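Take a look at the structure below.
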Amino acid sequence: MSAERTSDFRKEEDFERSRQLLGETLHLDGPASAALTRRALDDSKFAFYLLMTKDSPSLQIKLLGNMAVSAAPTTPLPDSAALAAKAGKALLNWGLGGFRKVDEDRFARRLAACQACEFLADPPQRLVYQGINLLMSGDTKICSACGCMAAKKAALNTEACPRQDPANASMTRWGEPVIVLERTG
Numbered sequence: 025m026s027a028e029r030t031s032d033f034r035k036e037e038d039f040e041r042s043r044q045l046l047g048e049t050l051h052l053d054g055p056a057s058a059a060l061t062r063r064a065l066d067d068s069k070f071a072f073y074l075l076m077t078k079d080s081p082s083l084q085i086k087l088l089g090n091m092a093v094s095a096a097p098t099t100p101l102p103d104s105a106a107l108a109a110k111a112g113k114a115l116l117n118w119g120l121g122g123f124r125k126v127d128e129d130r131f132a133r134r135l136a137a138c139q140a141c142e143f144l145a146d147p148p149q150r151l152v153y154q155g156i157n158l159l160m161s162g163d164t165k166i167c168s169a170c171g172c173m174a175a176k177k178a179a180l181n182t183e184a185c186p187r188q189d190p191a192n193a194s195m196t197r198w199g200e201p202v203i204v205l206e207r208t209g
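Written out as structure tokens, the structure is:
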């Protein structure tokens, strides 16, 4: 990226255009989240580090993993029983798929998209999440669009992002095709 383009991005008046430019610069599958864009515009040191990691997904994940993104859920999360059922179904599908995880590059792309998404949030103080946090280590942020633990979901070969890419309705925010399941009966 040229210094001119970086400079243009920093002076950009139109916030939505800034989100788009930052998303393109970071090789995201769409615009950067509002929270990520605001932080990059407000904190020049963070913006510098962010630009330095644009070609290194593993470093970008480390940088964004330390970013406090606490977007409030825009839709109510499923109740604990529904979350447990959803987790059970995901585990069953993962088992039927051979317990395969995605490769490192795909995981890095998925997680970077999650970490730049406005739906990424701290888990609410609910028993189900407190129990999961006791059993599992690592990133505990959740996707407020579906209630899943984002880093765990992004690693599973049988899972998909629940939200469409705003710029391309045929793709998820992970940059993967939207899969529409037909219901029978």
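Under my numbering, the first residue of the sequence shown carries the number 25, and numbering increases by one thereafter.
By construction, the Cβ of each residue, glycine as well, lies at the ideal position given by its N, Cα and C atoms.
Predicted, not measured: the structure shown is a model, and the values here were computed from it.
Residue span of the beta strand (DSSP E) that contains THR196, given as start and end: The sequence position of residue 196 within the sequence shown is 172, counting from 1. Segment 192–196, the beta strand (DSSP E) holding THR196.
Using CA atoms only, rank isn't needed, just tell me which of PRO190, TYR153, ALA193 and HIS51 is closest to ALA174. Mapped onto the sequence shown, residue 174 falls at position 150. The option with the nearest alpha carbon to ALA174 is TYR153.
Three or more C-beta pairs closer than 8 Å, one from the region 62–76 and one from the region 138–153: is that the case here? no
For MET195 and LYS16, the rounded distance between their alpha carbons: The first residue shown for the chain is 25 and the last is 209, placing residue 16 beyond what the model contains.
According to the neighbour-count rule (16 or more other Cβ atoms, all chains shown, within 10 Å of its Cβ), is LEU88 buried or exposed? To locate residue 88, count along the sequence shown from 1; it is residue 64. Per the 10 Å Cβ criterion, buried.
On the three-pair Cβ rule with 8 Å, is the region 177–187 touching the region 131–140? Contact holds: three or more Cβ-Cβ distances are below 8 Å.
Where does ALA95 fall in DSSP's three states? Your numbering for residue 95 matches position 71 in the sequence shown. Caution applies to ALA95, whose pLDDT of 36 falls short of 50 and renders its modelled position unreliable; the model cannot decide the point.
Since VAL152 is in the alpha helix (DSSP H), which residue starts that stretch and which ends it? To locate residue 152, count along the sequence shown from 1; it is residue 128. Start and end: 151–159.
Excluding the 5 residues flanking GLU40 on each side, which residues of the same chain have their C-beta closer than 6 Å to its C-beta? Looking up residue 40 in the sequence shown gives position 16. Same-chain partners within the cutoff: there are none.
Apart from the five residues on each side of it in sequence, which residues of its chain come closer than 8 Å, Cβ to Cβ, to ASP189? Here residue 189 refers to the residue found at position 165 of the sequence shown. Once the five neighbours on either side are set aside, the close Cβ partners of ASP189 are ASP53, GLY54, MET195, THR196, ARG197 and GLY199.
Proximal residues to ALA191 (C-beta, below 6 Å), its chain only, five neighbours per side dropped: The residue you call residue 191 lines up with position 167 of the sequence shown. Cβ neighbours of ALA191 beyond the five flanking positions: GLY54.
Measuring CA to CA, which of LYS177, ARG43, ALA58 and HIS51 is closest to ARG124? Taking the first residue of the sequence shown as 1, we reach residue 124 at position 100. If we check each option's Cα against that of ARG124, LYS177 comes out closest.
Nearest-angstrom Cβ-Cβ length linking GLY81 and ASP129, presumed shorter than 8 Å: As a first step, residue 81 must be located in the sequence shown, where it is residue number 57. As a first step, residue 129 must be located in the sequence shown, where it is residue number 105. Note on identity: in this sequence residue 81 is Pro, with Gly being the wrong assignment. Confirmed, about 7 Å.
With a CB to CB cut of under 6 Å and the five nearest residues on each side skipped, what residues in its chain are close to LEU180? For the purposes of this step, residue 180 is taken as the residue at position 156 of the sequence shown. Cβ neighbours of LEU180 beyond the five flanking positions: TRP118.
Going by beta carbon distance, what residues of the same chain come within less than 6 Å of CYS167, once the five residues before and after it are set aside? By one-based count along the sequence shown, residue 167 stands at place 143. Taken in chain order, the residues that qualify are PHE143 and ALA174.
Buried or exposed by the 16-neighbour rule on C-beta atoms within 10 Å, applied to LYS165: Within the sequence shown, the letter at position 141 stands for residue 165. The residue is buried, with at least 16 neighbouring Cβ atoms inside 10 Å.
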